[in-house]
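Shown next, in the form of structure tokens:
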């Protein structure tokens, strides 16, 4: 049985949608038990007694709020996210799911669970919808700013390993996000990263912003500053299109009738672009699966985040990342030796 | 009479849409004459003789194609874009419009027309639609990668001046694109740029990717690498939403009927997100108006680009940019002197 630690209080809407999502997950999957970290008085009222054989409540009252600084998280040892992370560190849980303060989750996971050997900086990966029957994994979408070429190289290795072992893609193709497809395009950091990433199999070279939504490649690598901006831009465009249409709709009864007839199309579109369908964003590069969920997660999003953590926990992702990074860095050293000998 | 030089051969679809756009512009505006640079044999067949009192053909046959390197542009002195730029340099034209090789246009404009005093790097600005009755000017969207804090500061000054003098906004608000709103957010370069831009009036601080489409501010400043990615991301999201819906539509006659009833809404949306409505992208920071149009420009886009160049040519944009940059740099120096005296 896989054991999932859940920060049951961290989301924007309190414990209700999180517990509801957890119960949905339990109903649909028999292979795990949960450690729900939060206020016992509150949680025990939300969890029907029939589920108590699958959910253990870990009682604690402090919650890191969205307004707190991520740096405070390390000192607040009684907080739900601190305790959830500690359960993994102590081997009492196999993975963590949190819809709480993402900066706090990231710092605690990195410092308390620790980085995989060879990883300089963990990265947050997220799935983006495409017009085809597939999604694109983009990383980093916000864990790091000012990533250097080596960081981007590690993101490429971690993203490819995740696509292979957790998303079960056969030979995931990796692209490097740039301002043009040609090898000559890019800024100083991506040009250097291009050379490093060329060492890994199935590297497609540079890709552009629109390639993410075309599904040109399976994994897109970028710096977290750029990744955050592209994520927010994508959200902004989708919201704006919907707003412009709604405004216009209100002006015409004919158009409203049309929208009613088209409701299935709109519903399918919503499903396709709804982050709740994708669960949460894995923090790649730490020694155990950590899933960072949206603060506004509904029960479906939490359910999917739990399923995602189960897939990760039953894979050998961390091993594969460690081995591949070791292999590539050995190659680099032996290349250096060859060069040295030649000289 | 304002004189506009037009690279009549540079677009992806040859001279037809460009001459058609030029004629549309002439029909709607009596205040300019055009210098159409291109193959006289071809152009004279496309231009009805009744328009020859407003259009002078400057005969030359060489065209820089999209596959040529921007660096070649400087050597090919008989090319349409080289000659169009030279017309401005020699004072025979007041502004340039080109749908040709944007890299070539940029290099030639920067090197042959020259930068405004105080500008380190010219930047490309573009208008993005919002859900409100306004647009957002974003710069730089591709002229520069690895911009430093001083470059971003100059983009802020140039963008604000353009919004004021050409877009006729009263007190344009400027935002700095970052990965969060708080002053503490950003990468090394944007954090330093934040301090510099704080010196100009109506600076709203950091803005995020979605703010561009909400219309939170009038001018958004970013590095060209990031600007290119956000532009392509926005295009990609809009295309993907349309593709997903079209695919779904095909499966249901009811939905198709709905789409027919909604066609006005879709048409309005298309107008709102169609770049042809916005004309071209001004290259800010050179001594004369240079409008870079999309290679795939249709006649409407060319017409609007010409109108845009007319607005710029009849403004005192270049003067204002020079004066403001001089004022801010004087302030900086006097601040330094004060500090030195205090010490």
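Chains as they are written, first to last, in the working numbering: chain D, 0 to 342; chain E, 0 to 342. We put the beta carbon where it would ideally sit given N, CA and C, even for glycine.
I believe residue i touches residue j by the beta-carbon criterion, under 8 Å. Please report the beta-carbon distance rounded to the nearest angstrom.
{"i": "residue 110 of chain E", "j": "residue 220 of chain E", "result": "Wrong, their Cβ atoms sit about 24 Å apart, outside the cutoff."}
{"i": "residue 130 of chain D", "j": "residue 239 of chain E", "result": "5 Å"}
{"i": "residue 101 of chain E", "j": "residue 72 of chain E", "result": "Residue 101 of chain E to residue 72 of chain E, Cβ: 11 Å. No contact."}
{"i": "residue 99 of chain D", "j": "residue 70 of chain D", "result": "Not confirmed; about 15 Å, so no contact."}
{"i": "residue 112 of chain E", "j": "residue 88 of chain E", "result": "6 Å"}
{"i": "residue 94 of chain D", "j": "residue 287 of chain D", "result": "6 Å"}
{"i": "residue 356 of chain D", "j": "residue 305 of chain D", "result": "Only positions 0 to 342 of chain D appear in the structure, and residue 356 of chain D is not among them; the question remains open."}
{"i": "residue 92 of chain E", "j": "residue 34 of chain E", "result": "5 Å"}
{"i": "residue 16 of chain D", "j": "residue 297 of chain D", "result": "5 Å"}
{"i": "residue 186 of chain E", "j": "residue 224 of chain D", "result": "5 Å"}
{"i": "residue 121 of chain E", "j": "residue 283 of chain E", "result": "6 Å"}
{"i": "residue 227 of chain D", "j": "residue 178 of chain E", "result": "4 Å"}
{"i": "residue 289 of chain E", "j": "residue 108 of chain E", "result": "4 Å"}
If you drop the 5 nearest sequence neighbours on each side, which residues of the same chain put their C-beta closer than 6 Å to that of residue i?
{"i": "residue 11 of chain E", "result": "294, 295"}
{"i": "residue 195 of chain D", "result": "148, 152"}
{"i": "residue 339 of chain E", "result": "Unreliable positioning characterises residue 339 of chain E in this predicted model, as indicated by a pLDDT of 46, which lies under 50. The coordinate reading is nonetheless provided below. Cβ within range, chain order: n/a, list empty."}
{"i": "residue 64 of chain D", "result": "none"}
Which value, in whole angstroms, describes the spacing of the CA atoms of residue i and residue j?
{"i": "residue 277 of chain D", "j": "residue 125 of chain D", "result": "8 Å"}
{"i": "residue 90 of chain D", "j": "residue 44 of chain D", "result": "28 Å"}
{"i": "residue 142 of chain E", "j": "residue 249 of chain E", "result": "41 Å"}
{"i": "residue 59 of chain D", "j": "residue 188 of chain E", "result": "41 Å"}
{"i": "residue 165 of chain D", "j": "residue 41 of chain E", "result": "59 Å"}
{"i": "residue 127 of chain D", "j": "residue 135 of chain D", "result": "5 Å"}
{"i": "residue 24 of chain D", "j": "residue 308 of chain D", "result": "11 Å"}
{"i": "residue 330 of chain D", "j": "residue 197 of chain D", "result": "13 Å"}
{"i": "residue 291 of chain D", "j": "residue 285 of chain D", "result": "13 Å"}
{"i": "residue 313 of chain D", "j": "residue 160 of chain D", "result": "14 Å"}
{"i": "residue 280 of chain D", "j": "residue 201 of chain E", "result": "36 Å"}
{"i": "residue 14 of chain E", "j": "residue 209 of chain D", "result": "28 Å"}
{"i": "residue 259 of chain D", "j": "residue 269 of chain E", "result": "21 Å"}
{"i": "residue 158 of chain D", "j": "residue 57 of chain E", "result": "54 Å"}
{"i": "residue 229 of chain E", "j": "residue 85 of chain E", "result": "33 Å"}
{"i": "residue 231 of chain D", "j": "residue 212 of chain E", "result": "10 Å"}
{"i": "residue 317 of chain E", "j": "residue 222 of chain E", "result": "21 Å"}
{"i": "residue 150 of chain E", "j": "residue 311 of chain E", "result": "22 Å"}
{"i": "residue 328 of chain D", "j": "residue 182 of chain D", "result": "23 Å"}
{"i": "residue 342 of chain E", "j": "residue 172 of chain E", "result": "Per-residue confidence for residue 342 of chain E stands at a pLDDT of 43, beneath the threshold of 50, marking its modelled position as unreliable; no derived number is given."}
{"i": "residue 119 of chain E", "j": "residue 74 of chain D", "result": "46 Å"}
{"i": "residue 1 of chain D", "j": "residue 29 of chain D", "result": "10 Å"}
{"i": "residue 180 of chain D", "j": "residue 205 of chain D", "result": "5 Å"}
{"i": "residue 140 of chain E", "j": "residue 22 of chain D", "result": "47 Å"}
{"i": "residue 26 of chain D", "j": "residue 36 of chain D", "result": "20 Å"}
{"i": "residue 170 of chain E", "j": "residue 163 of chain E", "result": "7 Å"}
{"i": "residue 243 of chain D", "j": "residue 323 of chain D", "result": "47 Å"}
Take residue i and list the residues in its own chain whose beta-carbon comes closer than 7 Å to its own, dropping the five residues that flank it on each side.
{"i": "residue 337 of chain E", "result": "Bear in mind that a pLDDT of 49 at residue 337 of chain E, under 50, signals an unreliable position, so the model cannot answer this."}
{"i": "residue 321 of chain E", "result": "115, 116, 117"}
{"i": "residue 97 of chain D", "result": "6, 9, 80, 83, 104, 291, 292"}
{"i": "residue 46 of chain D", "result": "18, 54"}
{"i": "residue 325 of chain D", "result": "117"}
In this structure, how does DSSP classify residue i when only helix, strand and coil are distinguished?
{"i": "residue 55 of chain D", "result": "strand"}
{"i": "residue 205 of chain E", "result": "strand"}
{"i": "residue 262 of chain E", "result": "helix"}
{"i": "residue 31 of chain D", "result": "strand"}
{"i": "residue 101 of chain D", "result": "helix"}
{"i": "residue 339 of chain E", "result": "With a pLDDT of 46 at residue 339 of chain E, under the threshold of 50, the modelled position of this residue cannot be trusted, and the question is left open."}
{"i": "residue 298 of chain E", "result": "helix"}
{"i": "residue 254 of chain E", "result": "helix"}
{"i": "residue 125 of chain E", "result": "strand"}
{"i": "residue 114 of chain E", "result": "strand"}
{"i": "residue 278 of chain D", "result": "coil"}
{"i": "residue 24 of chain D", "result": "helix"}
{"i": "residue 2 of chain E", "result": "strand"}
{"i": "residue 86 of chain E", "result": "helix"}
{"i": "residue 291 of chain E", "result": "strand"}
Please list, in chain order, all residues of the same chain as residue i whose beta carbon is under 8 Å from its beta carbon, the five residues on each side excluded.
{"i": "residue 254 of chain D", "result": "247, 248"}
{"i": "residue 133 of chain E", "result": "214, 217"}
{"i": "residue 3 of chain D", "result": "31, 32, 33, 34, 92, 93, 94, 95, 96, 305, 308, 309, 312"}
Shorter than 6 Å, the distance from the beta carbon of residue i to the closest heavy atom of the ligand FMN, or not?
{"i": "residue 222 of chain E", "result": "The ligand FMN is absent from the structure shown, which contains no ligand whatsoever."}
Compile a chain-ordered list of the residues in the segment 294 to 308 of chain D whose CB is closer than 9 Å to at least one CB of chain E. Taking 9 Å as the upper bound on Cβ-Cβ separation, chain E lies near no residue of the segment 294 to 308 of chain D.
Name, going along the chain, the residues of the segment 259 to 278 of chain E whose beta-carbon falls closer than 9 Å to a beta-carbon of chain D. The segment 259 to 278 of chain E vs chain D, Cβ under 9 Å: 259, 260, 261, 262, 263, 264, 265, 267, 268, 271, 272.
Taking a Cβ distance cut-off of 8 Å, strictly less, list which residues of the segment 233 to 257 of chain E are near chain D, in chain order. Residues 233, 234, 235, 236, 237, 238, 239, 240, 242, 243, 244, 246, 247, 248, 251, 253, 254, 256, 257.
If the cut-off is 8 Å on Cβ atoms, which residues from the segment 128 to 141 of chain D count as contacting chain E, listed in chain order? Within the segment 128 to 141 of chain D, the residues whose Cβ lies closer than 8 Å to some Cβ of chain E are 128, 129, 130, 141, listed in chain order.
Along the segment 203 to 217 of chain D, where does the CB come closer than 8 Å to a CB of chain E? Name the residues. Cβ contacts with chain E: 207, 208, 209, 210, 211, 212, 213.
Of the residues that make up the segment 163 to 189 of chain E, which ones have a beta carbon closer than 9 Å to any beta carbon in chain D? Sequence-ordered contacts of the segment 163 to 189 of chain E with chain D read 176, 177, 178, 179, 184, 185, 186, 187, 188, 189 [C-beta pairs closer than 9 Å].
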